[in-house]
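Worksheet: one structure, shown below.
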Amino acid sequence: MAEKPKVSIGSVDAMGATAAPPRTSEWRRFARIFFGRKLYLIGFIIVAIIVLTAIFAQVIAPYDPIENDLDHRLQPPSADHWLGTDQLGRDMLSRIIYGAQISLLIGFSAVFASAIIGALMGLAAAHYGGWVFTVIMRLTDVLMSLPSIILMMLIAGMLKGGGIWIVVFALGFGSIPGMARMMCGQALSVKQNDYIMAARAVGMSNWRIMLTQIFPNAFPPLIVGLTMGIGGVVMGEAGLSFLGIGVQAPTPSWGNMVMDGQRFLMTNPLLSLIPGVAIMLLVFGFNMVGDGIRDAIDPRLRGVL
Amino acid sequence: MKTSTNDMIMEVKNLKMYFPITRGLLRRKIGDVRAVDDISFEIRKHETLGLVGESGCGKTTTGRCILRLYQPTDGSIIFTGVDISKVPERKIIEHRRDMGVIFQDPFGSLNPRQSAGSIVGDPLKVHRMATGKALKDRVTELFKIVGLDPSMMDRVPHEFSGGQRQRIGIARALACNPSLIVCDEPISALDVSIQAQIINLLEELQQKLGLTYLFIAHDLAVVQHISDRVAVMYLGRIMELTDSSELYENPLHPYTKALLSAIPIPDPVAERTRMRIVLKGEVPSPVNPPPGCHFHPRCSLAIAECSQMRPPLRDVGNGHYVACIRV
């Protein structure tokens, strides 16, 4: 074999490579797939509007969301109050705008906190196996066996005070077992691949394998779970507020607005309907964005989409 | 063996790898899969030792034990003077630098979310052999050595063909200048035309870099071509071990004879007269291997003693080892 000219070995493959389509930048490709589908685009626009609304609430809200105006109670939509007023005469539009701030804050922080803790637990369980796996997974079994609303009520009830962070803690804690489960399942399937064996043969430490090999491959399917989680947490907050242990009045959150409005469901259905629709849009938007991100970052779909 | 210990790069003695079978909540042990059952061999410097056998005979397990990807049940693996089977898990990294591995599946053995350059550079980073510019230069050099265009470094494995991916795997194995490379069926997942390219590349690299290979395969023709010596495994044991040419010209073990008779001859005239020895029955389960010689239930030469004792791997002259009492 030695007498064979060296070029012949490489050239065949090198030719194959030049025939490959030119490389577009990562970000361009991501954008092309993500914005190329109407549904993802709509989801993105909804999320963008809600996020911008929350950021610029102070600037765009026409009224103070807390100040009462008892002369103008329960008014239908008008030029002064685009979405009408509630039972204390507060402008619904302003409350929805400020409510976006609270709801998103709770949604993001609860999901990210629980994702970090849950993912670490799931990764550790999958990677180390043995008793680590048993302890972590049985712990999540115990947490999962309690209905999450009861768990959240328990936490919110024990930590009295009704601050936003207590709600975040309760909701986040409730989402940890689900995150740990998802991560563990993903990590276990990723672990079966030969490249994990290869990483060990190279001499990588357990931590390095977990973070550079398992995590990047196990994480993308979780993005869908995460974004859905944001929607779920916003709904969980609505549930807690509905039971009176969520965000406390007069601070507006979409959840406690639904609760406040239910007494007037027969006479002024808009009071509950508007925040309800807002929650629905937010959940839908995040689900679509999640699906879009998943499709766009999956390298196996390169060239297909 | 005539060779002095200086010529040896690795010596495997009485290697056993039993995988326990557990059952029930309490993980009660109910048996063992005897994947590798007491084998000994050595690998000499700059040689290619072929390891052949059918699926499930323990050849891949042997390779992984040597790399300490599995903790062997028993036996010793002496590599560059150290018994690496006894080295604690924390210290094994120092020895991994001198060993490389090429996997069978070029699709599964590369992380799909890492760029090719990063995959090849990983061993250098892990062993702190290069950083920054030096790392990039070394990776570029490795790409050139295995016949890849260094400008493709930023691409992910998905964007390469099967043969190119296997080259990435080879570049990774070469990164730290290892003395021994375990090739675990490096070509069986490739197209025939690509197989020849990869074999040629491996041979060329061996000459240029003075590498030693443990070449695991089930394709006898390929093993004959690339190996200096060949070990034939059956059900976790080595049946015959000798020079490549000697094995193919003068096979002694009945199992080896049956294996070789299955190779088609590219000459139609000779092919017509080829006598195929068809073995009866199936390979027994490694959970419950037959007593004595593992091959005796399927052997045409078997006598009563074959089921009594395990035949030792004995030298019949010129470094030709065979584990059979009937030859």
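Chains F and Y, in that order, are what the protein sequence lines are. Residues 42 to 346 (this note's numbering) are what the first sequence spells out, left to right. Residues 16 to 342 (this note's numbering) are what the second sequence spells out, left to right. Just so it is clear, CB atoms sit at the ideal spot from N, CA and C, and this is done for glycine as well.
Taking 8 Å as the cut-off, the beta carbon of L64/Y is found no closer than this to the beta carbon of A236/Y. Contact with chain Y is absent for G170/F, since none of that chain's Cβ atoms lies less than 8 Å from the residue's Cβ.
A straight line joining the alpha-carbon of M254/Y with that of R187/Y spans about 33 Å.
Counting along the chain, T288/Y sits inside no beta strand (DSSP E); it lies in the alpha helix (DSSP H) bounded by residues 283-288. The three-state secondary structure of K159/Y, taken from DSSP, is helix. Of all residues in the segment 222-246 of chain F, those with a C-beta nearer than 8 Å to a C-beta of chain Y are N234, D235, Y236, M238, A239, A240, R241, A242, V243, G244, M245, S246, reading in chain order. Counting along the chain, Y81/F sits inside no beta strand (DSSP E); it lies in the alpha helix (DSSP H) bounded by residues 79-96.
Proximity of chain Y to P257/F at the Cβ level (cut-off 7 Å) is accounted for by R128, in chain order. Counting only runs that start and end inside the segment 264-339 of chain F, the alpha helix (DSSP H) elements of at least 4 residues fall at 295-302, 311-338.
The CB of P138/Y comes closer than 8 Å to the CB of V243, G244 in chain F, given here in chain order. Between S259/Y and chain F, the shortest Cβ-Cβ separation is not below 8 Å.
Non-local beta-carbon contacts of C191/Y in its own chain, meaning distances under 8 Å to residues more than five positions away in sequence, involve R112, D113, G115, P138, L139, H142, M144 in chain order. A distance below 7 Å between beta-carbons, with the five flanking residues on each side excluded, links Y236/F to the following residues of its chain, in chain order: Q254. Taking 8 Å as the threshold, the shortest C-beta distance from D282/Y to chain F does not fall below it. G84/F is classed as buried because its beta carbon has at least 16 other beta carbons within 10 Å across all chains shown.
Measuring C-alpha to C-alpha distances from I138/F to each of M223/F, L124/F, R114/F identifies L124/F as the nearest.
With respect to V135/Y, L216/Y sits apart: the two C-beta atoms are not nearer than 8 Å. Taking every protein chain shown into account, the CB of M290/Y has fewer than 16 other CB atoms within 10 angstroms, so this residue is exposed. The criterion of a C-beta distance shorter than 8 Å is satisfied by P172/Y and R180/Y. Contacts between D120/Y and chain F, judged by CB atoms closer than 7 Å, involve D235 in chain order. Its Cα nearest to that of Y85/Y, the residue A242/F stands out among I315/F, G277/F, A242/F. With a threshold of 8 Å between beta carbons, S124/Y makes contact with chain F. P316/F sits close to V299/F, with the two beta carbons spaced by under 8 Å. Put simply, of E264/Y, R313/Y, L205/Y, S194/Y the residue whose alpha carbon is nearest the alpha carbon of L250/Y is R313/Y. Residue environment for L164/F: buried (at least 16 other C-beta atoms within 10 angstroms of its C-beta). Contact annotation for Q254/F against chain Y: N126 [CB-CB distance below 7 Å, chain order]. Listed along the chain, the chain F residues whose CB falls inside 9 Å of the CB of V116/Y are M238, A239, A242, V243. When rounded, the separation of the alpha-carbon atoms in K106/Y and A239/F is 18 Å.
DSSP, read as helix, strand or coil, puts G334/Y in coil.
Following the DSSP letters along the chain, one finds M32/Y inside the beta strand (DSSP E) bounded by residues 23-38. For the segment 53-78 of chain Y, the set of positions with a beta-carbon nearer than 8 Å to some beta-carbon of chain F is empty.
A Cβ-Cβ distance of about 6 Å is found for the pair L157/Y and L189/Y, placing them in contact under the 8 Å criterion. By the Cβ-count criterion, Y169/F is exposed, with fewer than 16 other Cβ atoms from all chains shown falling within 10 Å of its own Cβ.
Judged by beta-carbon spacing, H309/Y lies beyond the 8 Å limit of A317/Y, meaning their Cβ atoms are not closer than that value. As computed with DSSP, G115/Y is found in a beta bridge with I196/Y.
Remark: fewer than three beta-carbon pairs, one from each stretch, lie closer than 8 Å, so the segment 39-49 of chain Y and the segment 202-212 of chain Y are not flagged as touching.
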